[in-house]
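In the UniProt record's numbering, the protein residues as written are 1 to 708.
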């Protein structure tokens with residue numbers, strides 16, 4: 001068998017043709033346009049050879065069936081017509097698979113996503129393994145697209161309209177057992193017998209098209225036109241409520257599924273191909289694809305050129321609070337590395353262990369995890385009140401109270417109780433790493449590793465280096481963060497690092513607008529409509545008003561007056577308003593509270609008479625422009641290494657609208673000159689803190705962009 005081919009066919013003695021998919025030189029299988037001729041001649045053989053009794057598609061790569069289509073194909077297209085013809089080619093190829101006279105079986109182990117699932121759905125039977133890496137889904141919506149090779153038509157026929165829409169509109173991936181329950185796969189088997197079972201199915205008679213396994217009310221709804229109308233209407237309302245009309249792919253997915261349901265597969269496929277072409281040319285899809293390329297690129301980087309990370313066999317965690325518990329959890333459950341938690345009290349250790357227990361047992365109950373796997377993960381976690389066991393740790397992550405002396409004491413303790421090569425990573429959100437490392441014997445092994453709360457949900461980690469941090473320490477810490485499931489960006493030490501530094505001016509300006517009378521819910525709704533996951537006032541409640549008030553002077557002290565917070569914070573703190581954590585903030589909390597009402601007593605406390613005076617556009621500019629300006633300062637000062645890192649940090653760290661591509665891509669799309677003009681106008685109206693960063697002015701003068 002020549003290895004320059006991605007698809008190789010082997011006809012067994014029993015007449016089953018086994019087609020192995022193994023893209024040369026790649027760790028995952030992805031479908032490329034260049035395979036069209038190869039697959040075409042393979043299908044010619046399958047159609048013409050009457051001795052073939054059945055066909056099995058299987059992957060030659062461990063842990064990956066087909067991870068999707070190669071996104072670069074879309075970037076190479078210049079017009080909607082080019083992209084549309086790409087979709088039509090895919091549709092025609094999968095249609096030929098479906099039309100084969102003999103049974104065709106997809107034998108799935110590992111990721112079966114996007115174009116991979118579309119190929120599998122064109123087969124007559126799908127068998128998959130119970131491997132934890134086996135997931136099935138159509139995540140195209142995350143790239144601002146819809147499934148373009150028949151997925152919008154085949155998925156609802158297999159799993160029903162509601163489940164099909166949910167999967168396509170959210171990009172939700174199903175595990176093996178969920179996929180069987182939904183009707184997406186016929187059988188779930190251990191990996192060792194995957195091929196044998198697939199061959200058995202290939203030797204049976206070609207099965208009739210199955211109906212989705214619907215019960216009760218769902219079955220009733222999908223059986224009538226009236227019921228289906230309700231489904232499509234509800235889906236549209238729910239999806240748009242969540243996406244605020246910012247994602248054009250959502251309406252197109254619903255319309256395309258509807259077209260197929262009401263007018264048949266041919267009409268549905270035609271609409272699918274045209275919609276795919278149109279969506280690929282939208283600015284939203286362009287920006288979402290750039291994020292995909294950026295994160296893919298980052299996965300290959302070590303954070304320190306030419307330096308390989310050291311292996312990490314054991315991790316220590318200092319502090320059993322919410323952060324410590326979360327860090328221990330992602331270390332054991334995601335990175336598969338034993339974690340030992342040290343706290344000053346048994347309660348602290350118990351709480352931290354309970355944090356992992358709660359999350360894992362939920363997975364067991366939902367059948368996402370076997371009990372044996374849960375037990376194995378819990379056994380990787382241990383606790384201690386002293387430093388016993390810390391001599392064997394490779395990295396110690398500190399998550400104690402934000403107090404400089406305490407953190408310096410932790411460094412000294414670890415240098416005394418761990419090995420000479422142990423890395424000390426501090427999860428501080430505001431204290432400079434340079435100061436934490438100031439008294440260290442081995443400052444080259446001190447680094448910042450800043451997680452965001454809640455640790456198991458937030459995808460970003462900031463890796464913060466001070467002047468003395470060694471490249472080996474950087475590479476090893478970056479590798480650990482990736483294993484924990486994080487997207488790490490390497491940033492230079494400085495107050496607020498990157499994410500909190502660009503967030504502070506945004507929150508300060510929202511607070512100033514509120515003090516000037518803009519209603520709290522108006523501010524939040526406006527910025528959510530713009531594309532942020534939550535508004536700035538909700539965010540203040542969630543982060544903690546006390547935390548924001550504590551960070552503000554640190555930023556002013558190091559970065560100057562443009563970080564001056566409004567004086568109202570003091571009044572809020574004196575009234576014991578900390579936000580969500582003590583159920584007292586800008587919004588009402590507690591058991592009897594329905595919805596999310598504003599706590600109007602905050603207005604009288606601050607002496608504010610709420611009245612709307614600013615337009616939505618003005619509110620966005622007033623809050624957003626200082627954030628963009630600060631991101632440029634961070635680039636200018638070398639806090640971030642590149643616009644790419646700045647965009648990824650803002651999207652994954654604070655939910656900057658992904659479809660706008662991040663602060664730097666957004667400034668490029670608006671025009672640097674236009675951003676500078678708006679900042680200068682606001683500086684005249686609202687004060688010097690809006691003065692554009694020198695780099696921004698220079699770029700506007702020279703007509704430059706952040707991305708070429």
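Backbone N, C-alpha and C define an ideal beta-carbon position, used for all residues, glycine too.
On the three-state DSSP scale, how would you describe residue i?
i: residue 633; result: helix
i: residue 482; result: helix
i: residue 293; result: helix
i: residue 645; result: helix
i: residue 451; result: strand
i: residue 1; result: Low confidence applies to residue 1: its pLDDT is 40, below 50, so where it sits in the model is not reliable, and the reading given next is rough at best. Coil, per DSSP.
i: residue 188; result: strand
i: residue 307; result: coil
i: residue 438; result: coil
i: residue 654; result: helix
i: residue 687; result: coil
i: residue 129; result: strand
i: residue 151; result: helix
i: residue 623; result: helix
i: residue 414; result: helix
i: residue 697; result: helix
i: residue 579; result: strand
Skipping 5 residues on each side, what residues in its chain have a beta carbon closer than 6 Å to that of residue i?
i: residue 161; result: 222, 231
i: residue 495; result: 554, 555, 558, 559
i: residue 640; result: 491, 498, 634, 646
i: residue 638; result: 492
To which residues does DSSP link residue i through a beta bridge?
i: residue 387; result: The partner list for residue 387 (beta bridge, DSSP) is empty, contrary to what the question assumes.
i: residue 398; result: 318, 426
i: residue 16; result: 54
i: residue 787; result: Here the chain has residues from 1 to 708 only, and residue 787 is not among them.
i: residue 462; result: 450, 489
i: residue 587; result: 598
i: residue 528; result: In DSSP, residue 528 forms no bridge with anything.
i: residue 174; result: 136
i: residue 340; result: 316, 382
i: residue 21; result: 7, 59
i: residue 64; result: 111
i: residue 106; result: 57, 126
Using 8 Å for Cβ pairs, my map puts residue i next to residue j. What's the rounded Cβ distance?
i: residue 111; j: residue 133; result: 7 Å
i: residue 596; j: residue 587; result: 6 Å
i: residue 159; j: residue 182; result: 5 Å
i: residue 437; j: residue 411; result: 7 Å
i: residue 488; j: residue 303; result: 7 Å
i: residue 136; j: residue 117; result: 5 Å
i: residue 242; j: residue 259; result: Contact doesn't hold; Cβ gap of about 23 Å is too wide.
i: residue 689; j: residue 541; result: Between residue 541 and residue 689 the Cβ distance is about 24 Å, and since that is not below 8 Å, they are no contact.
Alpha carbon to alpha carbon, what distance is there between residue j and residue i?
i: residue 365; j: residue 375; result: 14 Å
i: residue 710; j: residue 616; result: Any question about residue 710 goes unanswered here, given that the chain covers just 1 to 708.
i: residue 624; j: residue 506; result: 6 Å
i: residue 190; j: residue 126; result: 14 Å
i: residue 419; j: residue 448; result: 19 Å
i: residue 396; j: residue 423; result: 6 Å
i: residue 248; j: residue 163; result: 20 Å
i: residue 601; j: residue 511; result: 16 Å
i: residue 283; j: residue 246; result: 11 Å
i: residue 668; j: residue 696; result: 11 Å
i: residue 674; j: residue 687; result: 19 Å
i: residue 14; j: residue 56; result: 13 Å
i: residue 233; j: residue 285; result: 24 Å
i: residue 12; j: residue 202; result: 12 Å
i: residue 328; j: residue 552; result: 29 Å
i: residue 671; j: residue 501; result: 23 Å
i: residue 525; j: residue 171; result: 25 Å
i: residue 628; j: residue 456; result: 28 Å
i: residue 533; j: residue 147; result: 25 Å
i: residue 386; j: residue 342; result: 7 Å
Residues in the same chain with beta-carbon distance under 8 Å from residue i, minus the five sequence neighbours each way, listed in chain order, please.
i: residue 281; result: 79, 80, 83
i: residue 289; result: 71, 74, 75, 143, 144
i: residue 1; result: In this prediction, residue 1 scores a pLDDT of 40, lower than 50, which makes its location untrustworthy; no coordinate-derived value is stated.
i: residue 220; result: 227
i: residue 648; result: 291, 294, 295, 298, 460, 487, 489, 662
With 7 Å as the threshold, decide whether the Cβ of residue i is near any Cβ in chain D.
i: residue 115; result: The question asks about chain D, but that chain is absent: this structure has only one protein chain.
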